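The sequence shown begins at 1 in our numbering and counts up by one.
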Amino acid sequence: MAGLAAGQRMQASGWRVKIVDKGRVAGGRMATRTFDEGRFDYGAQFFTTRDAAFADVARSWIDSGLAVPWSGHRFRAAGGMRAVAETLAAGLDVRPGVEVTRLEFAADKWAAELETGETVEAATLILTPPVPQSLALLEQGGVELETADRALLEQARYWKCITILVRVEGTTQVGECGFVEPQNEVLAWAGDNYAKGVSPVPGCLTLHGTKDFSEAHWDEPQAVAVHAMLEAAEPYFQGRIRSYYLHRWRYAEPSMQMPELFHGIGGLAFAGDVFGGARVGGAVCSGLAAADYLMAR
Ligand SMILES: Cc1cc2nc3c(=O)[nH]c(=O)nc-3n(C[C@H](O)[C@H](O)[C@H](O)COP(=O)(O)OP(=O)(O)OC[C@H]3O[C@@H](n4cnc5c(N)ncnc54)[C@H](O)[C@@H]3O)c2cc1C
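Below is the structure:
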């Protein structure tokens, strides 16, 4: 979301923008997936509009019907959270499904080497992957940062999250709004994607493990986490489990916040939720600030 928001702002100001994303579709942790006829939000579940700069952006999503009020201060995306990212990506030059493998800087130009062997060159560069991944790309290309910049960026820390998408027979019991935030050691979230308006068929649960549970079970065989999470989810469905899908988010959510909205080093800017705040709005605000910084140089 940070990269898409930055790209939109720069393109609207007349800049030529190219976005490369290793995901099958752009959107990162604004993720929606289809399997066994069901449709599931499996990253961010909702957004709030507490960041002032983000409230303006979100207003356009709400006005166009892309997002709708959900529960309390939460908004959901009518067609799944990925639809918001897809709308932002429309009209931008986005190259999905291709990984950047290294970044080099030479003759005042950034060069991103792609897994396909191609190279994308640019005068300015915004890096929005989780910071450890961005630093690895620079290191791969032999780009050395000043000690102070590196020390700052190496502070970035994230929680992990184990997510399971479950397709059950019949309906689920997760309350009127379509979600519960269980107060137990295993599950942080159980959401019904049918009640939420994301899935065309009922019985589609998204389960997020708690931070402690995800950390503790990260390196264990998949079956251990699956067993514990499905057992903890038993109060939320009665029918047989038809199928499930497990996803591990290594960088789910920042566990700290950087002191600035983005980090600029000449024509390079680092942006994302670890700068703007651990949420969709924080990522968008960070991307917009990074775009403004680069355009003002
Ligand atoms: C399980 C879960 C639940 C959440 N729930 C909520 C919620 O309910 N509400 C909320 O506001 N927030 C929630 N969040 C947090 C929210 O999703 C994030 O804060 C926000 O989406 C982060 O956006 P970003 O642009 O900073 O990073 P990302 O979305 O991670 O984007 C980084 C992008 O970089 C790409 N990338 C990385 N490396 C490479 C490479 N080498 N080459 C090419 N591309 C690369 C990735 O594919 C990705 O698209 C949740 C997150 C998770 C994981």
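Backbone N, C-alpha and C define an ideal beta-carbon position, used for all residues, glycine too. Please read these numbers as outputs of a predicted model, since none were measured by experiment.
- Look at P202 here: in three-state DSSP terms it is coil, with no helix or strand label.
- Here P259 is exposed, its C-beta having fewer than 16 other C-beta atoms within 10 Å.
- The straight-line gap separating the alpha-carbon atoms of E185 and G266 is approximately 45 angstroms.
- With a threshold of 16 other beta carbon atoms within 10 Å, Q8 meets it and is buried.
- Within the same chain, Cβ atoms closer than 6 angstroms to the Cβ of G27 are found at R82, A85, the five residues on either side in sequence being excluded.
- Three or more pairs of CB atoms, one per stretch, sit closer than 8 angstroms, so the stretch 144-164 contacts the stretch 223-233.
- Taking 8 angstroms as the upper bound for CB-CB distance, G281 and T49 are in contact here, some 7 angstroms apart.
- A44 is the residue among E169, A44, M10 whose C-alpha sits nearest the C-alpha of H208.
- Relative to A190, the option among V201, V198, T172 whose CA is nearest is T172.
- The Cβ-Cβ distance between T210 and L187 falls below 8 angstroms.
- For G27, the distance from the CB to the nearest heavy atom of ligand 1 is below 7 angstroms.
- Here the alpha carbon of L288 sits roughly 43 angstroms from the alpha carbon of I241.
- Contact holds between the stretch 249-259 and the stretch 149-160, because three or more Cβ pairs, one in each stretch, are under 8 angstroms apart.
- DSSP, read as helix, strand or coil, puts L125 in strand.
- Distance between V226 and A252, taken at the CA atoms: about 18 angstroms.
- In this structure, the CA atom of D108 is about 15 angstroms from the CA atom of E144.
- Rounded to the nearest whole angstrom, the CA to CA distance from W249 to F105 is 30 angstroms.
- C285 carries a helical assignment under DSSP once its states are collapsed to helix, strand and coil.
- When secondary structure is reduced to three states using DSSP, L137 falls in the helix class.
- Counting C-beta pairs with one atom in each stretch, the stretch 8-20 and the stretch 89-101 have three or more that are closer than 8 angstroms, which means they touch.
- With contacts defined by Cβ atoms closer than 8 angstroms, R39 and S199 form a contacting pair.
- At least one heavy atom of ligand 1 lies less than 7 angstroms from the C-beta of A283.
- Taking the Cβ of A83 as the reference point, every heavy atom of ligand 1 lies at 7 angstroms or farther away.
- Setting aside the 5 residues that flank it on each side, A290 is surrounded in the same chain by A6, I126, F262, A269, A271, each with a C-beta closer than 6 angstroms to its C-beta; the list follows chain order.
- By the C-beta density criterion, P130 is buried, having at least 16 other C-beta atoms within 10 angstroms.
- The residue among E115, M10, E37 with its C-alpha nearest the C-alpha of A296 is M10.
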